[in-house]
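The structure under discussion appears below in the form of structure tokens.
Number of protein chains: 2
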Amino acid sequence: MAKNKTLVLHSRPEGMLREENFQVVEREVPAVKQGQFLVRVHFASLDPGIRNLLAESSGYWVPTSLGEPLNTNMVGEVVESQHTDYRPGDLVAGTGALQEYTVFTPGPMTWKIDSGSRLPLSNHLSILGATGLTAYFGLLDVGKPVAGETVLVSAAAGAVGSAVGQIAKIRGCRVVGIAGGEEKCRRVIEEFGFDAAIDYRNKDMAQLMTAIGEHCPNGVDIYFENVGGIQLDAALGHMNSGGRVPCCGMISQYNGEGGAAMHNLFNIVAKTLRVEGFLCHTYSEQFPEALRDLEQWVAAGQLNHREHIEEGITAAPGVFVKLFTGENQGKTLVKVLSD
Amino acid sequence: MAKNKTLVLHSRPEGMLREENFQVVEREVPAVKQGQFLVRVHFASLDPGIRNLLAESSGYWVPTSLGEPLNTNMVGEVVESQHTDYRPGDLVAGTGALQEYTVFTPGPMTWKIDSGSRLPLSNHLSILGATGLTAYFGLLDVGKPVAGETVLVSAAAGAVGSAVGQIAKIRGCRVVGIAGGEEKCRRVIEEFGFDAAIDYRNKDMAQLMTAIGEHCPNGVDIYFENVGGIQLDAALGHMNSGGRVPCCGMISQYNGEGGAAMHNLFNIVAKTLRVEGFLCHTYSEQFPEALRDLEQWVAAGQLNHREHIEEGITAAPGVFVKLFTGENQGKTLVKVLSD
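Here you go:
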């Protein structure tokens, strides 16, 4: 167990992320301190949000140092423990350095996985993990949908967006998705059951405004924000009075493409909108109830989802890059060690 | 009483408002229908927000038609009533067409003025009217300040902004104002008791960011938004996690200057901010309590305010234009008929 493949930051990206920004190195298996436990990692989650940790000084978070491992969400099996609640053999979800054997220090995003769960372990990083929980709390707690309202979802074919749309349908809303390309738009409707889909590709602001107006004839009550830029601006232009905009991410700005000209921000005043960022981990006390709902909806076939799984930590650099080029379908995971 | 000076929209403004966009005409004294009452207007409020009603189709509100009167808040004396709650002689605040004798149809912004109030009648359009109530509910209900937090206020020398800062001081916050020019900055500190003031004039985005950083060393917990554009962008760049941005207005965008490039919107996600528009009239059930607080603070010398009063409806066109050139000090009113 001495050698331990680890993903580290090799150089800081300038503009778009590139494979050369990462390196897979061999590190010692880390020592386990009091209150921690060692996990043999089965799956690791690769998320667009990590882009923000790679810049010199993001101003938002403490950046990852050069040569240091990237942190992410993982699931695996406890192999050694200095924590009274976790024993070898336990299946767990949690956060730590992305390596084959990694240490978890329990926090709000750490939990034991019920061994009676009928769903695959990888699901605890996707629809039963941060992805599903983000959709759940962002839509239900921040968005507060009411049956009959119109919910507009950006990145609607993505892991979070597709879950948001389906949960909104379960709650009786009319749901319209925005996605890139015909293929994704088709899936948004056929696979995820949205009422309509808008292809943002080759559309300028005016065309996007027109398309949203056509597909949301009663206006938009909730816009679930994943993208930023002109999609946010166009959505703000169609919000109804008292509308809510849960802000989950603004992926269009992660590669240094900020500075979009915004024309409809005044609608926040004029339509008394609530535009609100949220972090799923602040809801950790309500996770058990949420996970019960999500698992039930998945089992009942009301909540479809996809996982895009690639093999081995060595694949991670290439997979990260693909997160930003729109090639992946569903929640992107890396299978780290075979189970 | 047949002739009745009335302010009407003469032409739609293109870009900056001009005096020629308005006309003062003589109209008949309007007939009073069931549920209404006729008011002899003493003072009328001129507000930047009215700019939005003058465009062809604002997309926000039903625009004022050409040749039709402008609506605004006024105070005066009931002279004829078809409403059981209002009698001739009552002093009232309410909303209607800006003319010497006007009809009020009671709504959330209509109330009887306690004849025992020790403060001048005009105050019921400023610190004890929509201005004070907007500051009160925007700061306290939307912003939810906690003692020791830092509150940043734009348009800090203005009627709403100066009240927001003083109420935040009463609640134990550190308060920093942004205003245009040395004179206004001096008043923000000396007259309204802010802890610091930032002159936005001749500052680009980077310089404004630096100034906010210097004056808010612990970051910003509440940014009270009156202005939009780079002031909003720079403030977003300094928000602390969990910060609140009550949005009262975005005056920089009222004259068609929208489309500002925004660099820090992603902070809504990264810092889990709540950016929220509000309308004072939705709080009408809590007005009596708020007015009691405001009157007490004014009487105790804790809440200073200014009124800029000009004489006669004929002055109104020129006064409207001045609202956007920053020449006015305090709440801008027109004295309509002598009392």
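Line by line, the protein sequences are chains A and B. Numbering-wise (this note's numbering), the first sequence opens with residue 2 and increments by one. Numbering-wise (this note's numbering), the second sequence opens with residue 2 and increments by one. We put the beta carbon where it would ideally sit given N, CA and C, even for glycine. The structure presented is a predicted model; accordingly, all values stated were derived computationally and were not measured.
For A:Val79, the number of other beta carbons within 10 angstroms of its own is at least 16, and it is reported as buried. Under the Cβ criterion (8 Å, minimum of three pairs), the stretch 108-122 of chain B counts as touching the stretch 87-94 of chain B.
DSSP, reduced to helix, strand and coil, places A:Val161 within a helical segment of the structure shown. The beta carbon of A:Leu280 sits closer than 8 Å to some beta carbon of chain B. C-alpha of B:Ala56 to C-alpha of B:Ser12: approximately 9 Å in a straight line.
Under the three-state reduction of DSSP, B:Asn219 is assigned to coil, being neither helix nor strand. Neighbours of A:Leu18 in chain B, taken as residues whose beta carbon is under 9 Å from its own, are absent, since the nearest beta carbon is some 16 Å off. At a Cβ-Cβ threshold of 8 Å, A:Leu129 and A:Leu295 count as neighbours. Put simply, the CB of B:Ala262 is near chain A, with a gap under 8 Å to one of its CB atoms.
Apart from sequence neighbours up to five positions away, the residues of its chain that approach A:Arg307 with a beta-carbon distance below 6 Å are Gln330 and Gly331, ordered along the chain. Cα atoms of A:Gly313 and A:Val335: separation of roughly 6 Å, rounded to the nearest angstrom. Judged by DSSP in its simplified three-state form, A:Asp142 adopts helix. Residues of the stretch 237-252 of chain B with a Cβ closer than 8 Å to any Cβ of chain A, in chain order: Gly238, Cys248, Cys249, Gly250 and Met251. When rounded, the separation of the alpha-carbon atoms in A:Lys34 and A:Val40 is 13 Å. Contact between the stretch 282-294 of chain B and the stretch 285-294 of chain A is absent: fewer than three C-beta pairs spanning the two stretches fall below 8 Å. Against chain B, a Cβ distance below 9 Å from A:Gly133 picks out nothing, because the smallest value is about 18 Å. Residues of chain A whose Cβ lies closer than 7 Å to the Cβ of B:Ile269 are, in chain order, Cys248, Val276 and Gly278. When secondary structure is reduced to three states using DSSP, B:Gly50 falls in the helix class. In this structure, A:Cys248 sits near A:Glu277, with a CB-CB distance shorter than 8 Å. When secondary structure is reduced to three states using DSSP, A:Val26 falls in the strand class. For the beta strand (DSSP E) assignment, the uninterrupted runs of no fewer than 3 residues enclosed by the stretch 294-334 of chain A are, from N- to C-terminal side, 308-312.
Membership of B:Gly230 in the alpha helix (DSSP H) is indicated by the continuous run Gly230 to Leu237. Under the Cβ distance rule, A:Lys6 does not count among the residues neighbouring chain B, no pair being separated by less than 8 Å.
Taking every protein chain shown into account, the CB of B:Asn124 has 16 or more other CB atoms within 10 angstroms, so this residue is buried. Per the DSSP secondary-structure output, A:Gln83 pairs with nothing in a beta bridge.
Between the alpha carbons of A:Arg175 and A:Ile223 lies a distance of about 10 Å.
Residue-level contact by beta carbon holds for B:Leu266 and chain A, with a gap shorter than 8 Å. By the CB criterion at 8 Å, B:Thr106 and B:Asn74 fall outside the cutoff.
By the Cβ-count criterion, A:Glu184 is exposed, with fewer than 16 other Cβ atoms from all chains shown falling within 10 Å of its own Cβ. Excluding five sequence positions before and after A:Gly68, the CB atoms of its chain that fall closer than 8 Å to its own CB belong to Val9, Leu10 and His11, given in chain order.
For A:Pro318 against A:Phe44, the beta-carbon gap comes to about 17 Å, at or over 8 Å, which does not count as contact.
Residue contact with chain A for B:Thr73: absent (no Cβ-Cβ distance below 8 Å to any residue of chain A).
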